[in-house]
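Visitor:
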Amino acid sequence: DAGVIQSPRHEVTEMGQEVTLRCKPISGHDYLFWYRQTMMRGLELLIYFNNNVPIDDSGMPEDRFSAKMPNASFSTLKIQPSEPRDSAVYFCASSPQLGSPAKNIQYFGAGTRLSVL
Amino acid sequence: AQSVTQLGSHVSVSEGALVLLRCNYSSSVPPYLFWYVQYPNQGLQLLLKYTSAATLVKGINGFEAEFKKSETSFHLTKPSAHMSDAAEYFCAVSDPNTGFQKLVFGTGTRLLVSP
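Residue numbers (my numbering), protein chains in the order written: chain Y, 1 to 117; chain C, 1001 to 1115.
1) Note down, in chain order, every chain C residue with its Cβ under 9 angstroms from the Cβ of Ala-72(Y).
2) Give me the chain C residues within the contact set of Gly-111(Y), using Cβ-Cβ distance strictly less than 9 angstroms, ordered along the chain.
3) Ends of the beta strand (DSSP E) at Ser-87(Y)?
4) Can you give me the C-alpha to C-alpha distance between Pro-81(Y) and Ile-55(Y), rounded to a whole angstrom?
5) Please check the pair Ala-110(Y) and Gln-1101(C), which I expect to be a contact at CB under 8 angstroms, by giving their CB distance rounded to whole angstroms.
6) One question on the structure: do Gln-106(Y) and Leu-1044(C) come within less than 9 angstroms of each other, judged by their Cβ atoms?
7) Is the separation between the beta-carbon of Lys-68(Y) and that of Ser-58(Y) shorter than 9 angstroms?
8) Does the region 1013–1024 of chain C come close enough to the region 1046–1059 of chain C to have 3 or more Cβ pairs within less than 8 angstroms?
9) List, in chain order, every chain Y residue whose beta-carbon is nearer than 7 angstroms to that of Leu-1046(C).
10) What does Val-4(Y) pair with, by DSSP beta-bridge criteria?
11) How is Glu-1071(C) classed by DSSP in three states: helix, strand or coil?
12) Classify His-29(Y): buried if its beta carbon has 16 or more other beta carbons within 10 angstroms, exposed otherwise.
13) Short check: CB of Asn-50(Y) to CB of Thr-1051(C), under 9 angstroms?
14) Counting along the chain, where does the beta strand (DSSP E) carrying Phe-74(Y) start and finish?
15) What residues in the region 64–96 of chain Y have a beta carbon less than 7 angstroms from any beta carbon of chain C?
16) In terms of DSSP beta bridges, what is His-1010(C) paired with?
17) Around the Cβ of Ala-152(Y), are there at least 16 other Cβ atoms within 10 angstroms (buried) or fewer (exposed)?
18) As a quick exercise: from Glu-83(Y), Leu-77(Y), Phe-91(Y), Ala-72(Y), pick the residue whose alpha carbon is nearest that of Gln-97(Y).
19) Should Gly-42(Y) be flagged as near chain C, meaning a C-beta pair shorter than 9 angstroms?
20) Tell me, to the nearest whole angstrom, how far the beta carbon of Val-1004(C) is from that of Ala-1092(C); I am working on the premise that it is less than 8 angstroms.
21) Would Thr-1109(C) be called buried (16 or more neighbouring beta carbons within 10 Å of its own) or exposed?
22) With a threshold of 9 angstroms between beta-carbons, can Tyr-1032(C) be considered close to chain Y, or not?
23) Measure from the C-beta of Ser-1094(C) to each C-beta in chain Y and report whether the shortest distance is under 9 angstroms.
24) Is Thr-1107(C) near the ligand COA, going by C-beta to nearest heavy atom under 8 angstroms?
25) Can you find a C-beta in chain Y that's less than 9 angstroms from the C-beta of Gln-1002(C)?
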């Protein structure tokens, strides 16, 4: 398997613009997680899905952030409108079902580095 | 609520020296504990995990960690550091209320290895 695939790897945008980050989880994984990493706040869980259903979005900073998982192989994280304080590295991770020997292990993508000017 | 504390944001060692990265956890139930490593410009990858089996857990690249309930610790060690070990290391505890799927990460420790 190619692992978790995120796109784009780098995104530079201007304040007020809409930003969409994309993630393709590992095939067969039931869980998908979105994280944000900054120097100040470290690694924060934003939201996670189980079988395409959002389970916990308590980490989403505000209404400007939204995440969707329309099917088992694709998820998006959208920021509208973007602000300079959203600049960070955003990671997507996936994890297999509870019955798998690899349960509880999260497999991370390479991340999207977002810069909002 | 589950949490982990990593002591020392930076640890410096010489090549060939012992590596010790500290992690203490807080959990109301027997925890699942993890160490992840992040190389520059990459995502995190699992080094090892403890899920209530053997207390001494061996991982990849010669790393190991020992679960000590009496000390609420899960320190990461490697007998001899290699230059390629330079990276950031994260300790994490899983939340039993989510079926152990949701992880809470520590703030990370950056390991610097000098020749």
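All residues carry an ideal CB built from backbone N, CA and C; glycine is no exception.
Guide: In short:
1) Start at 1 with the first residue of the first sequence, and residue 72(Y) comes out as number 72. Chain C residues near Ala-72(Y): none, gap ~16 angstroms exceeds 9 angstroms.
2) Mapped onto the first sequence, residue 111(Y) falls at position 111. By Cβ distance, chain C contributes Asn-1041, Gln-1042, Gly-1043.
3) In the first sequence, counting from the first residue as 1, residue 87(Y) sits at position 87. Unbroken run through Ser-87(Y): none, as it is neither H nor E.
4) For this step, residue 81(Y) is matched to residue 81 along the first sequence. For this step, residue 55(Y) is matched to residue 55 along the first sequence. The alpha-carbon atoms of Pro-81(Y) and Ile-55(Y) are separated by roughly 24 angstroms.
5) The count along the first sequence starts at 1 and reaches residue 110(Y) at position 110. The count along the second sequence starts at 1 and reaches residue 1101(C) at position 101. In fact, because the Cβ distance is near 22 angstroms, the residues do not count as touching under 8 angstroms.
6) What you label residue 106(Y) is simply residue 106 of the first sequence in a count that begins at 1. What you label residue 1044(C) is simply residue 44 of the second sequence in a count that begins at 1. Contact flag set, yes.
7) Along the first sequence, read from residue 1 onward, the residue named residue 68(Y) stands at position 68. Along the first sequence, read from residue 1 onward, the residue named residue 58(Y) stands at position 58. No, these two residues do not count as a Cβ contact at 9 angstroms.
8) Segment contact: the region 1013–1024 of chain C against the region 1046–1059 of chain C, fewer than three CB-CB distances shorter than 8 angstroms; contact not assigned.
9) Here residue 1046(C) corresponds to residue number 46 of the second sequence, with the count starting at 1. By Cβ distance, chain Y contributes Ile-105.
10) As a working note, residue 4(Y) is residue 4 in the first sequence. In DSSP, Val-4(Y) forms no bridge with anything.
11) Position 71 of the second sequence holds residue 1071(C). Residue state, collapsed to three classes: helix.
12) As a first step, residue 29(Y) must be located in the first sequence, where it is residue number 29. His-29(Y) comes out buried.
13) Position 50 of the first sequence holds residue 50(Y). Position 51 of the second sequence holds residue 1051(C). No, these two residues do not count as a Cβ contact at 9 angstroms.
14) One-based indexing of the first sequence puts residue 74(Y) at position 74. If you look at Phe-74(Y), you'll find it in the beta strand (DSSP E) that goes 74–79.
15) Phe-91, Ser-95
16) Along the second sequence, read from residue 1 onward, the residue named residue 1010(C) stands at position 10. Paired residue(s): Arg-1110(C).
17) With chain Y represented from 1 up to 117, any question about residue 152(Y) goes unanswered, as that position is not in the structure.
18) Position 97 of the first sequence, counted from the first residue, corresponds to residue 97(Y). Comparing Cα positions, the closest option is Ala-72(Y).
19) Position 42 of the first sequence holds residue 42(Y). Under the 9 angstroms criterion on CB atoms, Gly-42(Y) is classed as interfacial with respect to chain C.
20) Stepping through the second sequence from its first residue, residue 1004(C) is reached at position 4. Stepping through the second sequence from its first residue, residue 1092(C) is reached at position 92. That belief holds up - the Cβ atoms of Val-1004(C) and Ala-1092(C) are roughly 6 angstroms apart, short of 8 angstroms.
21) Within the second sequence, the letter at position 109 stands for residue 1109(C). Burial call: buried.
22) Translated into positions along the second sequence, residue 1032(C) becomes position 32. Yes, its Cβ sits closer than 9 angstroms to a Cβ of chain Y.
23) Counted from its first residue, the second sequence places residue 1094(C) at position 94. Yes, Ser-1094(C) counts as interfacial toward chain Y.
24) Absence of the ligand COA from the depicted structure is noted, as is the absence of any ligand whatsoever, leaving it without description.
25) Working through the second sequence from its first residue, we reach residue 1002(C) at position 2. Taking 9 angstroms as the threshold, the shortest C-beta distance from Gln-1002(C) to chain Y does not fall below it.
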